Amino acid sequence: MLPSEKMVDFIKYYIPVLIYIGIILFLSGQQSGSFFLDYFPVPLKLGHLIGYAGLQILMYRAINKTLVSVNNLNMIKAFIFTVGFAIIDETYQTFVPTRSGSVVDVIIDSVGALTGLVGIWLINHLLMRFQVLRISRK
1 MLPSEKMVDF IKYYIPVLIY IGIILFLSGQ QSGSFFLDYF PVPLKLGHLI
51 GYAGLQILMY RAINKTLVSV NNLNMIKAFI FTVGFAIIDE TYQTFVPTRS
101 GSVVDVIIDS VGALTGLVGI WLINHLLMRF QVLRISRK
């Protein structure tokens, strides 16, 4: 692979992950009572679930280079990364005034990551069924 192709892959697959992580860290760094936390459009625990499902999907896409295939090893790698980041994020929150890290939040984040995995599997399962139906109708 040429260096330029590696750079294109990095930009295409890993920059979205880094931006997403940046958003999570920005929100994690907000003190209680801040504009961003008080007016966030979803309840915070649901935000954890949705946020980490999204991170799981993006990380799997980066590792697997596509969402349209299921690779169990890459799913496990992405899950380990996502849960590891959840632990780091909650640890980071212990240093933010008026915030605290929580094992419960890590568990919710992990459930969010599992939700992302189920979403990836479901999308792929439905795509495979659609292809089988399309082929059988020809």
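Note that UniProt numbering has the sequence shown beginning at 1, numbered continuously upward.
Virtual Cβ for every residue (Gly too), placed ideally from N, Cα, C.
Please read these numbers as outputs of a predicted model, since none were measured by experiment.
Closest Cα partner of residue i within the set the options
| i | options | result |
| --- | --- | --- |
| A62 | T115, I50, L18, V96 | L18 |
| Q131 | A113, L117, V68 | V68 |
| P16 | S32, D109, L55, L25 | L55 |
| P97 | M75, G29, L25, V83 | G29 |
| I23 | H48, E5, S102 | H48 |
| G101 | V8, L25, K6, I11 | L25 |
| T66 | V104, L126, R129, K12 | K12 |
Residue i, buried or exposed, once every other Cβ within 10 Å from all chains shown has been counted against 16
| i | result |
| --- | --- |
| L58 | buried |
| L46 | exposed |
| V8 | exposed |
| S110 | buried |
For residue j and residue i, believed in contact at Cβ under 8 Å, the rounded distance
| i | j | result |
| --- | --- | --- |
| Y52 | A113 | 5 Å |
| F85 | I21 | 7 Å |
| residue 141 | N74 | Residue numbering for the chain in the displayed model covers 1 to 138; residue 141 lies beyond these limits and cannot be assessed. |
| R99 | S32 | 6 Å |
Close-in-space but distant-in-sequence residues of the same chain around residue i (CB under 6 Å, 5 per side omitted)
| i | result |
| --- | --- |
| N124 | V70 |
| F81 | M59 |
| I107 | none |
Cβ-based neighbour list, residue i, same chain, cut-off 7 Å, excluding 5 preceding and 5 following
| i | result |
| --- | --- |
| S4 | none |
Cβ neighbours of residue i in the same chain (closer than 8 Å, five flanking residues each side left out)
| i | result |
| --- | --- |
| I87 | V106 |
| I76 | none |
*Are the region 118-126 and the region 91-102 touching, with three or more C-beta to C-beta distances below 8 Å?*
No contact exists between the region 118-126 and the region 91-102.
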